[in-house]
Amino acid sequence: MKAKVHVTLKAGVLDPQGKAVHHALEALGFAGINGVRQGKFIELDLAETDREKARPMVEDACRKLLANTVIENFAIDFEG
Amino acid sequence: MKAKVHVTLKAGVLDPQGKAVHHALEALGFAGINGVRQGKFIELDLAETDREKARPMVEDACRKLLANTVIENFAIDFEG
Amino acid sequence: MNNSVAVTPEIVAEHGLSPSEYQRVLEIMGRTPNITELGIFSVMWSEHCSYKSSKKWLKTLPTKAPWVICGPGENAGVVDLGDGQAAIFKMESHNHPSFIEPYQGAATGVGGILRDVFTMGARPVANLNALRFGAADHPKTRHLVAGVVAGVGGYGNCVGVPTVGGEVQFHPSYNGNILVNAMTIGLADTDKIFYSEASGVGNPVVYVGSKTGRDGIHGATMASAEFSEDSEEKRPTVQVGDPFTEKLLIEACLELMATDAIVAIQDMGAAGLTSSSFEMASKGGLGVELDLDKVPVRETGMTAYEIMLSESQERMLMVLQPGKEGVAKAVFDKWELDFAVIGVLTDTGRMVLKKDGAVVADLPIDPLAQAAPEYDRPWVPGTKQPLLAANDVPAKAWPEALKALVGGPDGCSRRWVWEQYDHMVMGDTVQRPGGDAAVIRIHGSKKGLAATSDVNPRYVAADAVEGGKQAVAEAWRNLTAVGATPLAITDNMNFGNPERPEIMGQFVEACQGMSEACIALDFPVVSGNVSLYNETNGQGILPTPTIGGVGLLPEVEKSVGIAFTAPGEALVLIGGPGTHLGQSLYLYALFGRSEGAPPPVDLAAERRNGDFVRGLIRDGRVSACHDLSDGGLLVAAAEMAMASGIGAALAVEGADLHARLFGEDQGRYLLAVADAAAVLAAAEAAGVPAQRLGETGGDALAVNGEAVALADLKAAHEAWFPAYMA
Amino acid sequence: MKAAVIVFPGSNCDRDAATALAHVTGRAPVMVWHREADLPEVDLIVVPGGFSYGDYLRSGAMAAHSPIMAAVKARAEKGVRVLGICNGFQVLTEAGMLPGVLMRNRKLKFICRDVLLKVETSNSDFTAGYNAGQVIRIPVAHHDGNYFAEAAVLDRLEDEDRVAFRYCDAEGHATAEANPNGSQRNIAGILSEKRNVLGMMPHPERLADPLLGGTDGVPMFRALLKALG
Ligand SMILES: Nc1ncnc2c1ncn2[C@@H]1O[C@H](COP(=O)(O)OP(=O)(O)O)[C@@H](O)[C@H]1O
Ligand SMILES: [Mg+2]
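Residue numbers (this note's numbering), protein chains in the order written: chain A, 1 to 80; chain B, 1001 to 1080; chain C, 2001 to 2726; chain D, 3001 to 3229.
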């Protein structure tokens, strides 16, 4: 089973990468973009197949390592 | 409307970040992880509200800037 | 079974083997090769590995001097530094990958050259990079600059080797073909240098580092199509670098090298496991047997062909002393790197590969190496442009001209680039980027190493003999200008398609000019690399023989930089007045003209002037020194002033003031000295032309009473790159 | 003063820190491998610059969980001085020993150059060799030095006189132009509550030898030597 983790910056935290991408897109002539935020997407390939068993473990991994909760939120989905 | 773009390394391309995260998770005692891949998650806030009109523009942005299709794939979803 | 893919004429052609080359394959094998064997022939006989077009001419380069410990033929060149230490260095190109994926292409270029150096037992202590991009206004250029610079920095910064120097140039001939040449210098003890020659039948062959994936397999598209459905997906042509793993590999290899476990070692670079195992066995006159099932792989179902041809990064191959496997494994375990005994040396002279219990390839090593093609490609000498008289070049008011030169793409500050490189890590950087040559202290000693990279491709295009000479002379001069004794060079020969006689002519003539200069300056070639076929749509790059030079400072504290250190010092020009504007930056940048002969190099004068300047520096009589190159006297003076914030006033006489100020005559230096009279007297005694031109001081650069504020010059100088990249 | 320098597999300023310590204090530090669970008895622990474990996820994130960091934390709680430089600062924030985080530089580029710093407090064993308000020159070399913390945290740091250094101009003003990486309130280094832990992005060990271009890093090591004997 796959766990798909999205790590995104909390609202209110300045996102220099997103800002740079936004700027670059505008420079390339892409109009009508109000804003860009950039985050991380981490896919874990798990031996576990039961979502309910996997969830606490993945949440723990997010809190301990994958996200820095001072500035980031995380969201977990499962697939397969 | 939001366009959510996932940029991931093509299969077969070395993913040093994923490798490092995998290794670190194991070191932290998380077992049962077969593999980790890390990608980018980019959220574009668009003025456009029609998905079919927005798609070609976002695809173009992916090809021109957000992904290097020599080593990366991209996927686009819309929300809102 | 993939090894059963039939070898058809199409597949042979797809592997880049000509019919006559394939005929030789058949003779050597005595049968039709299977696909894995064909792949091995193909990479071993490729231009990249066999140097088939260039070998004949490379052999003419001077490679010897009493201080050369090891010249071309090993992973890198080795020169003696005295006190039991050696410098090991080489330059290598990663042009094509950097054009496709600038970040990873450049990053893996740095990774590759680092391995060439530490594989010989040296701790890498400095990196340089010579970069050439298309015209600044070409739509791709900015993106390529951003990616390449980030990639060079990303890799070097993480492994913790300072990137201390290099070059950046823009020219439309590189629009479709950028050049990324990376150089590494390492330090080793002379009694602990490691070579690639295998020895000891029965000794274990060991694989260490990262796992093997399907990276960069350049095999035939057709053959690959049969390997799998989604072959596109599985065969990225660009490798991704992992500098952290490289850092571990450096530490682990150096740790193991401190023991007596290693017999021979070779990095897996181009053509990966094939060329490393092949070259080690070939040099030792031995055979090798590998069990491909033991090779650590990152993906499932890899075929013998793929394993042998993969160009996955951060891997090394070693031959160990018998019984030392345990010692070695413990070191690699400590650094958490893969370690596997994958084979053994044999006395058969053959390379035998096994997979899934069966022999999948069996080829003779020596005949394959001996029969590697070597061509004497037709060439024609280049048409030499005539000398261009100074009065055929329009004169422009010098303040405007100077501002345009120091504030334009080719003359502006490269700070935007080198501030992205950690140039201080390792704590020995004495002269940071921005001067003539970088200087690092040899750790724990009073000595220093100087390093530079140089070539003026416009000169080479106008006259490859003089241009080749000039590139070597300029490297020598840059080392001299910091007070170093030039020791040796590495070169990176970047040219177009050698099958065109005029391109081959450029190569031949550049080698000829380089040789002359190397001999006259006692500055031999100890390593190098050739990159041919740099062209798109029949449009070749400017011929670019990049020269990486290394020099030694007996007392590093005596090195001088380009920045003035005090007001009120005399400015002394060593060498004659400026006269030559042909192919100058003045002519090119201000008038868009590439005309005339490049400045001729008088090697005897070059040597005499340089030896004199070095002597003055060593005697502590010079406080700042800059050689005159692009932009001539006035650009040099401006750079010295801008670097220090101290102005200068010059009095320059004679007709054709623009040539006096901006001429690019060779063999010249501008010095700031406290005692001008003594320096002029010494110059006269040594037969060296020297002239007092003025004095340091103030906050402007003045010529014959007319002044430009330093602040304005500096603003122009620092503005171009950041504004361009913003 | 006995000092230890922690060595992660990707540390690359460990030797530089050791060289500077030995040069200034006359005594070479002990190098301690990241897998050790225990530390020798020392007065100062340096967590050096580099790329601890490659730092591909977030700088310092993985190192913060290494066995040795548990020991470093325990010692810090007992009052042992801990100096985190560059990656070391990132590790200390990720380990929760200092508040806030170091994000990607505002301009997204790695930046290596000398910067000017205003010494905000001389009230610590690290900064006692400088005068408060003094402007010093020290190099930075980082990709992730953009200091972020919530406003309340920043206020508290200031109230408690725990901002050690700020990026500034030649006159000591913490201007936006003088800020190389976008750090909030131009913060370049902070102290822990007990003032025995300092994290800073600039590299004092890189300017502790005139041959390398300056000696503004020396007073830090001298002050530590003075305080710790
Ligand atoms: N232009 C050159 N001048 C001198 N030596 C060269 C040149 N090109 C290649 N060599 C030498 O040929 C040998 C093989 O080069 P190369 O295949 O690039 O090395 P590697 O396999 O280590 O990458 C090296 O010793 C190199 O120094
Ligand atoms: Mg090599």
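Don't be surprised by glycine CBs; every beta carbon is placed ideally from N, CA and C.
Only a predicted model underlies this, so the values are computations on that prediction, with no experimental measurement involved.
Is it buried or exposed for residue i, if we count other Cβ within 10 angstroms and need 16 for buried?
i	result
residue 2063 of chain C	buried
residue 3225 of chain D	buried
residue 3033 of chain D	exposed
residue 2059 of chain C	exposed
residue 2094 of chain C	buried
residue 2393 of chain C	buried
residue 2283 of chain C	buried
residue 3152 of chain D	exposed
residue 2524 of chain C	buried
residue 2432 of chain C	buried
Quick one: residues in its chain with C-beta nearer than 6 Å to the C-beta of residue i, no 5 flanking neighbours on either side, listed in chain order?
i	result
residue 2650 of chain C	2693, 2694, 2703
residue 2141 of chain C	2133, 2134
residue 2114 of chain C	2124, 2184
residue 2377 of chain C	2053, 2498, 2504
residue 2409 of chain C	2136, 2170
residue 36 of chain A	18, 21, 22
Assign residue i to one of three DSSP states: helix, strand, or coil.
i	result
residue 2547 of chain C	strand
residue 3101 of chain D	strand
residue 2101 of chain C	coil
residue 3002 of chain D	coil
residue 2376 of chain C	coil
residue 2300 of chain C	coil
residue 3131 of chain D	coil
residue 2203 of chain C	coil
residue 2059 of chain C	coil
residue 2170 of chain C	strand
residue 960 of chain B	This structure gives no information on residue 960 of chain B, because the portion of chain B shown stretches from 1001 to 1080.
residue 2011 of chain C	helix
residue 2385 of chain C	coil
With a threshold of 7 Å on Cβ separation, who are the neighbours of residue i within its own chain once the five nearest residues in sequence on each side are excluded?
i	result
residue 2722 of chain C	2416
residue 3106 of chain D	3146, 3181, 3182
residue 2221 of chain C	Residue confidence is low: residue 2221 of chain C scores 36 on pLDDT, short of 50, so the model does not pin down where it sits. No coordinate-derived value is stated.
residue 2306 of chain C	2214, 2217
Tell me which residues share the same chain as residue i and place their Cβ nearer than 8 Å to its Cβ, disregarding the 5 neighbours each side in the sequence.
i	result
residue 3131 of chain D	3119, 3122
residue 2050 of chain C	2044, 2372, 2373, 2374
residue 1028 of chain B	none
residue 2648 of chain C	2564, 2571, 2637, 2640, 2641, 2694, 2695, 2696, 2697, 2698, 2701, 2702
Looking at the secondary structure, which residues open and close the beta strand (DSSP E) in which residue i lies?
i	result
residue 3164 of chain D	3163-3167
residue 3033 of chain D	3030-3033
residue 2250 of chain C	Not the beta strand (DSSP E): residue 2250 of chain C falls in the alpha helix (DSSP H), residues 2243-2257.
residue 2512 of chain C	Note, residue 2512 of chain C: premise wrong, no beta strand (DSSP E); alpha helix (DSSP H) at 2501-2521.
residue 2695 of chain C	2690-2696
residue 2626 of chain C	2624-2627
residue 3148 of chain D	3146-3148
Look up residue i in the DSSP assignment and give the residues it is bridged to.
i	result
residue 1078 of chain B	B:1003
residue 2093 of chain C	C:2181
residue 2525 of chain C	C:2489
residue 2558 of chain C	BP columns for residue 2558 of chain C are empty, so no partner.
residue 42 of chain A	A:5, B:1038
residue 3116 of chain D	D:3137
residue 2541 of chain C	According to DSSP, which records beta bridges pairwise, residue 2541 of chain C is partnered with nothing at all.
Start and end of the alpha helix (DSSP H) containing residue i?
i	result
residue 2334 of chain C	2325-2334
residue 2662 of chain C	2657-2662
residue 2364 of chain C	Segment 2358-2364 is the beta strand (DSSP E) holding residue 2364 of chain C; no alpha helix (DSSP H) there.
residue 2429 of chain C	It is not in any alpha helix (DSSP H) - residue 2429 of chain C instead sits in the beta strand (DSSP E) that spans 2429-2431.
Check whether the Cβ of residue i sits closer than 7 Å to any heavy atom of ligand 4, and report yes or no.
i	result
residue 2189 of chain C	Absence of ligand 4 is noted for the structure shown, with ligand 1 and ligand 2 being the only ligands found.
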